[in-house]
Structures are given as C-alpha cells and as structure tokens.
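So the structure is just underneath, and the comments pick up after that.
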Amino acid sequence: TQLLEQSPQFLSIQEGENLTVYCNSSSVFSSLQWYRQEPGEGPVLLVTVVTGGEVKKLKRLTFQFGDARKDSSLHITAAQPGDTGLYLCAGHSSGNTGKLIFGQGTTLQVKP
Amino acid sequence: SQTIHQWPATLVQPVGSPLSLECTVEGTSNPNLYWYRQAAGRGLQLLFYSVGIGQISSEVPQNLSASRPQDRQFILSSKKLLLSDSGFYLCAWSPGYGYTFGSGTRLTVV
Numbered sequence: 001t002q003l004l005e006q007s008p009q010f011l012s013i014q015e016g017e018n019l020t021v022y023c024n025s026s027s028v029f030s031s032l033q034w035y036r037q038e039p040g041e042g043p044v045l046l047v048t049v050v051t052g053g054e055v056k057k058l059k060r061l062t063f064q065f066g067d068a069r070k071d072s073s074l075h076i077t078a079a080q081p082g083d084t085g086l087y088l089c090a091g092h093s094s095g096n097t098g099k100l101i102f103g104q105g106t107t108l109q110v111k112p
Numbered sequence: 113s114q115t116i117h118q119w120p121a122t123l124v125q126p127v128g129s130p131l132s133l134e135c136t137v138e139g140t141s142n143p144n145l146y147w148y149r150q151a152a153g154r155g156l157q158l159l160f161y162s163v164g165i166g167q168i169s170s171e172v173p174q175n176l177s178a179s180r181p182q183d184r185q186f187i188l189s190s191k192k193l194l195l196s197d198s199g200f201y202l203c204a205w206s207p208g209y210g211y212t213f214g215s216g217t218r219l220t221v222v
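Protein chains in written order, with the working numbering: chain D, 1 to 112; chain Y, 113 to 222.
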C-alpha cells in the first residue's frame, strides 16, 4: 500500500517568516502534486512535479521532487496571511487508473 | 470550458435515512471520476472511482455505494446512513496530471 506522510501537521507562524512542508513515502510515484484548500471548498491544484530532482516555483512557493521520486517539499518564502490554508500533497498510484494517494495535510496559519 | 458541479453544498440527515449526492462534469467526455471523503482538516480518503459508464471500483468497505448512469454523472448513495458517514464529500475528475475538485458536500448525520 502506497502512503504519503506529511509533516508538520500544523504550523502557525508570523507574517514574513519562511517555512517548509515535507511529503515522504517509501514508494515511488510517477508524479506528485500539491494542493491548497480553504475551509468549505475543494482543494485547488498548485503544481505537478514529474521528474526526479525537479524544482518548480510559483511566486513565493518553491516545490521540489526528490531525486528518487519518493518525496517532495514545499517551501514558502516570506509567508503572507493569504497563504493560510490546508496544504495537501498527492501522488499518482501505480497502474493507469489515475488514482491519487493523498497525504494527511498540513494546516498553515500565518498571523499578521 | 470544463467544469465540475457537485450538490448539495450542505446536508443534514437523520441516522437511517437514504443519501444521494450528485456530481456532473461539463466540457469533456469519458472522464475518470472519483469520490473522496475528508475528515476535518485532514487528507482525503478515496471511496470510489469510475473509468466509464457502469464501471465502479470501491476502495474501502463501507455503508456507501456509487453509480455512473451517464458518461458525465457520478452519484454517491446510501440506503441507511450511519453517524460515521458524516464528513466532507468531494467529487473530482482528472483532466491530466492533476485533479479538478467540486466544491464539496458537508454531510452531517444526526
């Protein structure tokens, strides 16, 4: 069974601080995605990483896929209150059904 | 454009009552469709997925069932709800690498 372990589960920081969220597995994933979710809404896709070692940037967010495609990280520089939300990593399971395996999520609170 | 609709947004149902949640996708054909359930502030648990009309795969044994009567329609049902069925239910489809989610249904079983 493929599992994704996300850490930390909860993070509360002040505006302007940097933070990193980790997503780890013992399994290899063909691709990995990061989503952001606000209360009462569905998750929204932020980025997809496919190649081992790949780094993608989305404004102040930097996403990295591990060389072995078993782990990923999300780094936020100079966090803003608007970054507050639940961050979820998800990986495509083996096979061609397109099923996504989700981590347990990281709740980020950025205080002004 | 491609959109996904999910309703109702909120639902309060008594224990033992039936359930029907509907999800429809527009702007695409033969999509892979998924039902997920989410506990408060936590990750998503895959309940069912479908790769075509009448094709349903169940991921976890439970009190729920799913059906796909039309290409772009996915329905989540229960004959008798349990308290443990409470949660946030999300429908999704896969246009490529990532998922597009519906806005979710908050189900409270009382």
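We treat Cβ as the ideally placed atom computed from N, Cα and C, and that holds for glycine.
Only counting the same chain, and skipping five residues up and downstream in sequence, which positions put a Cβ closer than 8 Å to that of R149 (chain Y)?
Excluding positions up to five away in sequence, the list reads L156, Q157, L159, G199, F200, Y201 and L202.
So if DSSP puts S177 (chain Y) in a beta bridge, which residue, or which two residues, is it bridged to?
The partner list for S177 (chain Y) (beta bridge, DSSP) reads Y:S189.
Range of the contiguous beta strand (DSSP E) that encloses G199 (chain Y)
Element bounds for G199 (chain Y): G199 to W205.
Step through the CB atoms of chain D and report whether any lies within less than 7 Å of the CB of N142 (chain Y).
No, its Cβ sits nowhere closer than 7 Å to a Cβ of chain D.
Where R180 (chain Y) and T77 (chain D) are concerned, what is the direct C-alpha to C-alpha distance, given to the nearest angstrom?
The alpha-carbon of R180 (chain Y) is positioned some 44 Å away from that of T77 (chain D).
Taking the alpha carbon of L145 (chain Y) as the reference point, which residue from D:P112, D:Y35, D:E38 and D:L100 has its own alpha carbon closest?
Nearest option by C-alpha distance: D:L100.
Spell out the partners DSSP gives S73 (chain D) in its beta bridges.
D:Y22 and D:Q64.
Quick one: list the residues of chain D neighbouring F213 (chain Y), beta-carbon separation under 9 Å, in chain order.
The answer, in chain order, is Y35, Q37, E41, G42, P43, V44 and L45.
Does Q2 (chain D) come within less than 7 Å of chain Y when only Cβ atoms are used?
Using beta-carbon distances, Q2 (chain D) does not count as an interface residue toward chain Y, since no partner is under 7 Å.
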